[in-house]
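Take a look at the structure set out below.
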Amino acid sequence: HDLEKTLATLKVDSDLPRKGGKLRSSRWFNIEDNPGMTALYIERYCNYGMTRDELMSGKPVIGIAQSGSDIAACNRHHLELAKRVREGIRSAGGIAFEFPTHPIQETSRRPTACLDRNLAYLGLVEILHAYPLDGVVLLTGCDKTTPAALMAAATVNIPAICLNVGPMINGYLGNDRAGSGMVMWKGREKYATGEIDRQEFMDYVGKGAPSVGHCNTMGTASTMNALAEALGMALPGSAAIPAPYRERAQCAYVTGERIVEMVHADRKPSDIMTRAAFENAIVANTAIGGSTNAPIHINAIAKHMGVPISLNDWDQLGFHIPLLLNMQPAGEFLGEEYYRSGGLPAIMAELLEAGKLNANVLTCNGQTMEANVRGKQTWNRDVIKEYNNPLMTDAGFVHLQGSLFNSAIMKTCVISPAFSKKFLENPSDLNAFEGSVAVFDGPEDYHRRLDDPATPIDDSTILVMRGAGPLGYPGAAEVVNMHPPGRLLRQGVASLPCIGDGRQSGTSGSPSILNASPEAAAGGNLALLRDGDRLRVDLTKRRVDILIGEEELARRRAELQKKGGFAVPENQTPWQEIFRRETDQLSEGMVFRDAVKYQRVAQK
Ligand code: FES
Ligand code: MG
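Using my numbering, you'd call the opening residue of the sequence shown number 96 and step up by one each time.
Below, the structure written as structure tokens:
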């Protein structure tokens, strides 16, 4: 392989026709346009050494939306990369304004980082709308930082391009690859069985974070940055470059150059993020084994863009696509092999040849998706499979409905053969199973009662998590990947089916039905379940049903209403209260209901 080859795909066209019309920043900085105020707008930017001439030169002013900080550790390397972005902007004739976005750190933000996706979105919308910016480089990486940035770009609709911070280099435990996030789930099981002690647990998990960058597995970070590229909002080949590699900083430079050209060409998110581009993202998500958080975020971006995308689209367009990328959690490799094997363009090349992509969509480099990826097939078939010889067929999400909820999804490519054999009525086919449930009211209740012998769990139980949706656990917790109690793990029962109204970490390989909407706290029937109730899950029919009569359910509903409804923890901060008041359910992308009516705000 040749690393420079992938970089070559980053070369951009520089002969775009310059579109007429004044730059947006002239409303601030052009004295003809704004004789009364320009002096005031200019003077404060001069106080750190900018000159009046450069601000009034009519050159594009480009924002660099800095999402890295000491708090936002996954994105922290952007503090370095932004310097190269700035140099790219300068060399292409632009003026760079770097500013901070609301930090989001997936692993340490309590109660959950997803609570801040909409906060970062709102903050970024205000900045992009209110300041003299002609275009923006969105510095993305950790899970929610990417959708927050794309949602804001969609709402404001000024020229925008994403630059991922890049995955960490591979971690190792001995000779085995230690994928970030995944070592956490494995370590937790080893600790639960007593195989390792507390100190060893800490050391074990630490191996999953060997360098700067975001998670090196195909968790939500790798997924969302791959999908930003699949949408056409990041340079082809850019998503997979590991954070510390020199190509990452080279890519930062080219991205800075490119945004200036995009401003001259007036290439806006609405030109790129069309229905056809979203369809490509859905197809790509299956081929990479992408995170179950992807539908939430992609549907949210689409809603802010004004493009109709539903969970049925995910099932209809995505389910029958095969899994092509052999990367954890669905496969065995990590970010470095993903990059060295050609990254996303090599996967898109397979999908294109198979006729599964909308080839003629515009991307941020001014080329079509087809021009970017045709002929970019991999040189390493261990990592990226041929379309006709995949790791798994029908590897997408199924969209489930029924009497337990109106909507939930299941990622099928992480269902192991052992699990199918044990649970499915016909293991050769993805079909149906029944079981009785053990019900937990939020993650604290799960941790408290999981190993209690009084909790009725055997090797055929369905674990149910409720009170973990956007209202129940503000932001929706990543807690539906539940492991069996220690006593069953020690007997070799590695996993039980899980169902819940919360989310699941993208790094989890657990066979789970997730994002159930409406959640228990929003009046969903999950609130009516009790330990020992039976459920039927029929994946072929796309249904999950409670095997209890309507009368009994009505009686339980009346009882719950008398108690004042499903109990949720109190708000701890003003933001939690606002979030709970404004947000929609996971099936709707968890967007703020009233925010989606604001479209293309920079043009108004
Ligand atoms: Fe930030 Fe995984 S925790 S990328
Ligand atoms: Mg996560």
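Positions of the beta carbon are idealized from the N, C-alpha and C atoms, including for glycine.
Inter-residue CB distance, residue i and residue j (contact presumed, cutoff 8 angstroms)
{"i": "A325", "j": "L176", "result": "Actually they do not touch by this definition, with Cβ atoms about 21 angstroms apart."}
{"i": "I391", "j": "F373", "result": "I391 to F373, Cβ: 14 angstroms. No contact."}
{"i": "E614", "j": "L624", "result": "Not really, about 13 angstroms apart at Cβ, beyond 8 angstroms."}
{"i": "G595", "j": "V575", "result": "4 angstroms"}
{"i": "N375", "j": "N453", "result": "6 angstroms"}
{"i": "L499", "j": "L609", "result": "So it is not a contact: roughly 13 angstroms between Cβ atoms."}
{"i": "N380", "j": "R695", "result": "Their Cβ separation, rounded to whole angstroms, is 26 angstroms, which puts N380 and R695 out of contact at 8 angstroms."}
{"i": "D229", "j": "S120", "result": "5 angstroms"}
{"i": "A338", "j": "S306", "result": "7 angstroms"}
{"i": "G308", "j": "P262", "result": "5 angstroms"}
{"i": "N259", "j": "N320", "result": "4 angstroms"}
{"i": "P440", "j": "V468", "result": "5 angstroms"}
{"i": "I367", "j": "C459", "result": "6 angstroms"}
{"i": "V632", "j": "F528", "result": "6 angstroms"}
One or two residues paired with residue i in a DSSP bridge
{"i": "P195", "result": "Q161"}
{"i": "D292", "result": "According to DSSP, D292 bridges with nothing at all."}
{"i": "Y267", "result": "R272"}
{"i": "M422", "result": "F428"}
{"i": "F535", "result": "M560"}
{"i": "P262", "result": "H309"}
{"i": "I190", "result": "V156"}
{"i": "V632", "result": "F528, V639"}
{"i": "L609", "result": "I504"}
{"i": "G230", "result": "I157"}
DSSP state of residue i mapped onto helix, strand, coil
{"i": "P242", "result": "helix"}
{"i": "N460", "result": "coil"}
{"i": "C257", "result": "strand"}
{"i": "T235", "result": "strand"}
{"i": "R561", "result": "strand"}
{"i": "R598", "result": "strand"}
{"i": "D108", "result": "Residue placement at D108 cannot be trusted, given a pLDDT of 47 that sits under 50; the coordinates are not used to answer."}
{"i": "R585", "result": "helix"}
{"i": "D679", "result": "coil"}
{"i": "L591", "result": "coil"}
{"i": "A335", "result": "coil"}
{"i": "F687", "result": "strand"}
{"i": "S50", "result": "No statement about residue 50 is possible, as the shown extent of the chain runs from 96 to 699 and does not include it."}
{"i": "A329", "result": "strand"}
{"i": "E707", "result": "Nothing can be reported for residue 707: it is not among the residues displayed for the chain, which extend from 96 to 699."}
{"i": "E127", "result": "coil"}
{"i": "E614", "result": "coil"}
{"i": "E573", "result": "strand"}
{"i": "Q656", "result": "helix"}
{"i": "S386", "result": "coil"}
{"i": "K117", "result": "coil"}
{"i": "H96", "result": "At H96 the pLDDT is 43, less than 50, meaning the model places this residue with poor confidence; the figure from the coordinates comes in the next sentence. Residue state, collapsed to three classes: coil."}
{"i": "V402", "result": "coil"}
{"i": "K144", "result": "Residue identity differs from the one stated: residue 144 is Gly in this sequence, not Lys. Three-state DSSP puts G144 in coil, outside helix and strand."}
{"i": "I751", "result": "The requested residue 751 is not part of the displayed model; the chain covers only 96 to 699."}
{"i": "R205", "result": "coil"}
{"i": "Y136", "result": "helix"}
{"i": "Q200", "result": "coil"}
{"i": "K302", "result": "coil"}
{"i": "E149", "result": "helix"}
{"i": "R651", "result": "helix"}
Counting pairs of Cβ atoms below 8 angstroms between the stretch 435-449 and the stretch 404-411, do you hit three or more?
In this structure the stretch 435-449 does not touch the stretch 404-411; the number of beta carbon pairs closer than 8 angstroms is below three.
Looking at C-beta atoms only, is the number of pairs between the stretch 296-307 and the stretch 248-258 that lie closer than 8 angstroms three or more?
Pairwise C-beta distances place the stretch 296-307 out of contact with the stretch 248-258, as fewer than three of them are shorter than 8 angstroms.
For the stretch 434-521, which segments carrying the alpha helix (DSSP H) assignment without a break, of at least 4 residues, lie completely within its bounds, in sequence order?
Annotation note: the stretch 434-521 contains the following uninterrupted alpha helix (DSSP H) runs of length 4 or greater, listed N- to C-terminal: 438-448, 464-468, 512-518.
At least 3 beta-carbon pairs within less than 8 angstroms: the stretch 637-644 vs the stretch 671-688
No, because fewer than three Cβ pairs between the stretch 637-644 and the stretch 671-688 fall closer than 8 angstroms, the two stretches do not touch.
Is it true that the stretch 195-210 meets the stretch 263-274, where meeting means three or more beta-carbon pairs spaced less than 8 angstroms apart?
Segments in contact, no.
Does the count of Cβ pairs from the stretch 126-134 and the stretch 162-182 closer than 8 angstroms reach three?
The stretch 126-134 vs the stretch 162-182: no contact.
Can at least three beta-carbon pairs, one atom from the stretch 415-431 and one from the stretch 453-468, be found at a separation below 8 angstroms?
Judged by Cβ distances under 8 angstroms, the stretch 415-431 makes no contact with the stretch 453-468, as fewer than three pairs qualify.
Report yes or no: do the stretch 645-653 and the stretch 543-560 share at least 3 C-beta pairs separated by less than 8 angstroms?
Note that the stretch 645-653 does not touch the stretch 543-560; fewer than 3 beta-carbon pairs, one per stretch, sit closer than 8 angstroms.
Counting pairs of Cβ atoms below 8 angstroms between the stretch 273-282 and the stretch 351-359, do you hit three or more?
No contact exists between the stretch 273-282 and the stretch 351-359.
Three CB pairs or more closer than 8 angstroms across the stretch 674-689 and the stretch 529-537:
Verdict: no, contact absent.
Taking one C-beta from the stretch 662-671 and one from the stretch 217-232 each time, how about it: are there three or more such pairs within less than 8 angstroms?
Short answer: they don't touch.
Can you find at least 3 beta carbon pairs, one from the stretch 468-486 and one from the stretch 443-450, that sit closer than 8 angstroms?
The stretch 468-486 vs the stretch 443-450: in contact.
Does the stretch 511-523 come into contact with the stretch 536-547, if we say contact requires no fewer than three beta-carbon pairs (one atom in each stretch) closer than 8 angstroms?
Contact check between the stretch 511-523 and the stretch 536-547: fewer than three CB pairs, one atom from each, fall below 8 angstroms, which does not count as touching.
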